Each structure stands twice: as C-alpha cells, then as structure tokens.
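Q: Dumping the structure here so I can ask a few things about it.
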Amino acid sequence: MEPLTIGLIGIAALMAVIFFLRVPVGFAMALVGFSGFAMVVNPNAAVSVTATSIWSTFTKYSLTVIPFFILMGNICFHAGVSNRLYRAAYMWIGHIRGGLAMATVAACAGFAAICGSNAATAATMSAVALPEMKKYGYSSKLSTGSVASGATLGVVIPPSVVLIIIGLSTGESIAELFFAALIPGLILTGLFMVSIWGVCKLNPELGPKGPATSWREKFRSLSGSIEMLVLFTLIMTGLYMGWFTPTEAGAAGAFFALLIAIIGRQMTLEKFKAALRDTMSTSCMILVIVTGAVIFGRFLTVTRLPYETATWAAALPIPKVAVLLLMLAIYAIGGAIMDALGLLMITIPIFFPVALQLGYDPLWFAVLITLVTTMGAITPPVGVNTFVVAGMAPDVPLTTVFKGVSYFLIAFALAIALVMALPATATWLPALLH
Numbered sequence: 218m219e220p221l222t223i224g225l226i227g228i229a230a231l232m233a234v235i236f237f238l239r240v241p242v243g244f245a246m247a248l249v250g251f252s253g254f255a256m257v258v259n260p261n262a263a264v265s266v267t268a269t270s271i272w273s274t275f276t277k278y279s280l281t282v283i284p285f286f287i288l289m290g291n292i293c294f295h296a297g298v299s300n301r302l303y304r305a306a307y308m309w310i311g312h313i314r315g316g317l318a319m320a321t322v323a324a325c326a327g328f329a330a331i332c333g334s335n336a337a338t339a340a341t342m343s344a345v346a347l348p349e350m351k352k353y354g355y356s357s358k359l360s361t362g363s364v365a366s367g368a369t370l371g372v373v374i375p376p377s378v379v380l381i382i383i384g385l386s387t388g389e390s391i392a393e394l395f396f397a398a399l400i401p402g403l404i405l406t407g408l409f410m411v412s413i414w415g416v417c418k419l420n421p422e423l424g425p426k427g428p429a430t431s432w433r434e435k436f437r438s439l440s441g442s443i444e445m446l447v448l449f450t451l452i453m454t455g456l457y458m459g460w461f462t463p464t465e466a467g468a469a470g471a472f473f474a475l476l477i478a479i480i481g482r483q484m485t486l487e488k489f490k491a492a493l494r495d496t497m498s499t500s501c502m503i504l505v506i507v508t509g510a511v512i513f514g515r516f517l518t519v520t521r522l523p524y525e526t527a528t529w530a531a532a533l534p535i536p537k538v539a540v541l542l543l544m545l546a547i548y549a550i551g552g553a554i555m556d557a558l559g560l561l562m563i564t565i566p567i568f569f570p571v572a573l574q575l576g577y578d579p580l581w582f583a584v585l586i587t588l589v590t591t592m593g594a595i596t597p598p599v600g601v602n603t604f605v606v607a608g609m610a611p612d613v614p615l616t617t618v619f620k621g622v623s624y625f626l627i628a629f630a631l632a633i634a635l636v637m638a639l640p641a642t643a644t645w646l647p648a649l650l651h
C-alpha cells in the first residue's frame, strides 16, 4: 500500500478512534501514529520513534513555557484577581444598560491577559459575574452568553496556551504570535461589547441598568486591576525589548504573580498548593496531547501527506482564497465538535504547509485559525465554554446558554472577516519587533 494512502487512512482512523471509541485525543494520536509508522516503515522503527518522541517532548526546554504561564494564571485565580477585575469594570460601566454584561466581557479580557485558557476563564467569571447579573435582573440568556463568549478571549488575548502550542508546532516565534493576536483580541472584545449594547437597545429588559457609582468609587476600584496591568506589561514589554525569551517570560510572570499575591496578603499555603495541583493537572493533559501530536506528525512526515497536500492545493485551478475558506470551514466545524487544542494539533501538520505554499503570512494564518477554532468553544453541539457555564449555573438550561451565545456569533464572524480583510491587524505589531 502506498504511504500516501496509509496517511489518509490514518487520518480517518484517528477521527474514528476519537469520536466513536471516545479515546482521549493525545492517546489517539499516539496510537494511530505508532500503528501508521509501523505500516509505512517497520515496527522496530515505530517503537524507536515513539520512545524518542516521548522522551524529547517531556525533556524539551521550550515546553516549560506551558506550565509557567498556566501557573501564573492559577496563582492569579486563587489570589482573587478575577473578582477585583470584575469589580473595577462593574464600577465604570455597570450603570449603563447592559453594563454588567459589558463589565463581564471586560473582566474576561483582563483575566485572559494573565490566564491563557478559555475554560478556566469561563469557570472563574461564571462564579464572579453570574450572581451579580442575576441580582440585578439580567436575562439568563444574556448573562450566561456574555460569560461563555467573553471567556473565549482567554485563547485569543496573549499569553495564550493555544498560541504557544501553535508556535512550538510550527516553529514560529511565540513572542511574535503573542503580538500578532493582541489587536484581533481587542477587536473581538470591542465587538462583543457592541453586540451587548445592540441587543439591550433592541430589548432593554435583557440587561437593566445597574446602580450608579461616584467618581471616587470608580478610581478606587482601579487599584484592583493593578496586578493584571503589572503582569501583562511585564510580559509584553519584556518580550518586545528582548529582556527575556517566552519561557523566561512565563517564569517571570509566575514569580511576580506569586510575589504580588504574597505582598497583598492574598495567598495562603493552601491556595498555593491548589494552584500547583491545578497547574500540574492541566500541564500534564497538554503535554500528553503534544506528545501524541509529535508521534502522529512523524507518521504524517514519512507518508509525505503534508507536502503532497500543499502541492495539490497550490495547483488547484481555483482562487487561493477559496482554499483558505475551505480550511477555515473545516476549523469552524471541527471546533464545534472537539477541543480546540486537539483539533489544532491534528490539522496544523497538514494545513500549515498548505497556507505557506499559497503564500499566506504564517502569523496571520495562525491568528485566523485561532479565532475560527475558538468560535467553536461556544458553537453547538459541543461548545466547551457553554458546558462549563451551564455547569456553574445549574438552574439555567443548556439550551438557554446556547441561545445566549448566539448574540455573539455575529461579532466573532465580523472579527474573523476584519482579520481576513486587513492582515495588518495581525502583522503590524510583530513587524515592530524587528
């Protein structure tokens, strides 16, 4: 059997193992990669490649950036940064119609700047924002929808675990990916707020006005967001100025997050232990996926499937934008039925060479697929964030949460269209690094 045919069968087998046998993505990729490599080369070579991949992944220095940034986010979470971010946003815009939902999105954006995970942001902000919006008579649709949608900013706004994984998988600079995603992340945040304003304008009962606050209360509340500003500025300035690498930025962020929490008397030994446990659990899950992806990638390499696919796509007698739209459609559908990280690890070895062969900027393409895949986190039938929010609000049916996120899907589509039409939104800031 031809290696290319085995590669195509391998991808079909991977989908079957994930969706029908319900095997975790990391183990599924490792299993299919090992079996496929054994068929194309030989079993002994497959054993050698698998062992080497496992060892090289778990001893790779560059991968330590993942637990460092996750630890920084967990320390901030257990130190109560999310509560203070929400309070600050609430003080400034909570008094306008739909203001509490806008404050939720703003707090999600702020927490995303120190977290990097959409599920963690969804769980955190659900606990903080949902009780407040319920207290002031907000519609369950708007309140849960704003939390689930705002939490997707955890993947787009740097530092993002997904962007880190894309950088490690493709060889692109993680620092440049962070800067490339910053403007699109802010655009998406702004569009979410405009969506809230629009739906509340059409139906004021969805988001009643909150209580007015004095200017003194407004400015006093800003002290609660200082930690986030310090950490975000430290990381992005350090990367821009070349003071440290992305891995060192993660370590510095985790250290200063702990230092700030201790100085502010917001961190106890039990909270620190909980942050470490959460970090180890999440990091191990991600590293298993990365290891499986490495093994699967070795299998695809020997089949020459990525190269042949890129060559075939470039030779198609259709506009290259049509190929791009086809790839984005696959990401949109895939993101709606499986985890974004797993989807990206499976598809990047195939689609990234295609994008490069078509002449697209790699940073722009990385940000674009991140946006499209992240949209899947709030899209039926799976929509990871919607399930997280529904779990945090047991009195709200899942169907209500899905209705709520529908207000924000148009904002997502507009953000994706803007980044497609204006590549400079993703390439301008990285260009400044040079």
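Start counting the sequence shown at 218; every next residue gets the next number (my numbering).
Beta carbons are placed, not taken as given, at the ideal position from N, Cα and C, and that holds for glycine.
Note that the coordinates shown come from a computational prediction; the quantities given were computed from them, not determined experimentally.
Grab the span of the alpha helix (DSSP H) containing M453 for me, first residue to last.
A: Here the alpha helix (DSSP H) through M453 covers I443 to M458.
Q: If L504 sits next to T274, beta carbons under 8 Å apart, how far is it from one beta carbon to the other, in whole angstroms?
A: 7 Å between Cβ atoms; contact.
Q: At which residue ranges does the stretch 459-492 contain complete alpha helix (DSSP H) runs of 4 or more residues, listed in the order of the chain?
A: Counting only runs of 4 or more, we get 463-480.
Q: How many whole angstroms separate the CB atoms of G621 and A553, which I take to be in contact at a CB cut-off of 8 Å?
A: In fact, because the Cβ distance is near 16 Å, the residues do not count as touching under 8 Å.
Q: What does the alpha-carbon distance come out to for the pair F472 and I228?
A: So the two alpha carbons sit approximately 41 Å from each other.
Q: In three-state DSSP terms, what is S623?
A: In this structure, S623 counts as helix in the three-state DSSP scheme.
Q: Kindly indicate which three-state DSSP category P284 falls into: helix, strand or coil?
A: Three-state DSSP puts P284 in a helix.
Q: Measuring alpha carbon to alpha carbon, tell me which of Y303, I223 and T590 ends up nearest S438.
A: Minimum Cα distance to S438 is reached at Y303.
Q: Do T617 and T321 have their C-beta atoms within less than 8 Å of each other?
A: Cβ atoms of T617 and T321: not closer than 8 Å.
Q: Taking the runs of the beta strand (DSSP E) that are 3 residues or longer, which of them lie wholly in the stretch 336-419?
A: With a minimum length of 3 residues, no continuous beta strand (DSSP E) run stays inside the stretch 336-419.
Q: Check P598 in the structure and name its three-state DSSP category.
A: Looking at P598 - three-state DSSP - the assignment turns out to be coil, as it is neither helix nor strand.
Q: Do the CB positions of L588 and V636 come within less than 8 Å of each other?
A: Contact flag set, yes.
Q: Alpha carbon to alpha carbon, how far is L456 from L543?
A: Those two C-alpha atoms are separated by around 34 Å.
Q: Rounded to a whole number of angstroms, what is the C-alpha to C-alpha distance between V511 and N291?
A: Approximately 27 Å between the Cα atoms of the pair.
Q: For N259, which three-state DSSP category applies?
A: DSSP places N259 in coil when its eight states are reduced to three.
Q: According to DSSP, is D578 part of a helix, a strand, or is it coil?
A: Three-state DSSP puts D578 in coil, outside helix and strand.
Q: Are A346 and V373 close, meaning C-beta to C-beta below 8 Å?
A: No, Cβ-Cβ distance for A346 and V373 is not below 8 Å.
Q: Measuring CB atoms only, is the stretch 626-646 touching the stretch 599-615, in the sense that at least three cross pairs come out at less than 8 Å?
A: Touching, no.
Q: Should F294 and A337 be called a contact, given that it needs their Cβ atoms to be closer than 8 Å?
A: Closer than 8 Å, so yes.
Q: Out of curiosity, what's the CA-to-CA distance linking G316 and W309?
A: Whole-angstrom Cα-Cα distance: 9 Å.
Q: Mind checking which residues open and close the alpha helix (DSSP H) that includes G315?
A: Premise fails: G315 is in no alpha helix (DSSP H) and is neither H nor E.
Q: Give the straight-line distance between the Cα atoms of Q574 and I271, rounded to the nearest whole angstrom.
A: Each residue's Cα considered, the two are about 30 Å apart.
Q: Going by Cα to Cα distance, which pick from A340, M502 and L370 is closest to F244?
A: Nearest option by C-alpha distance: M502.
Q: Buried or exposed for S498, going by 16 or more other Cβ atoms inside 10 Å?
A: S498 is exposed by the Cβ-count criterion.
Q: May I have the straight-line CA-CA distance separating I506 from M246, to the nearest angstrom?
A: Looking at the two C-alpha atoms, the distance is approximately 8 Å.
Q: In its own chain, which residues sit with a C-beta less than 6 Å from the C-beta of G311, not counting the 5 before and 5 after it?
A: Within the same chain, G311 has close Cβ partners L317, A320 and G427.
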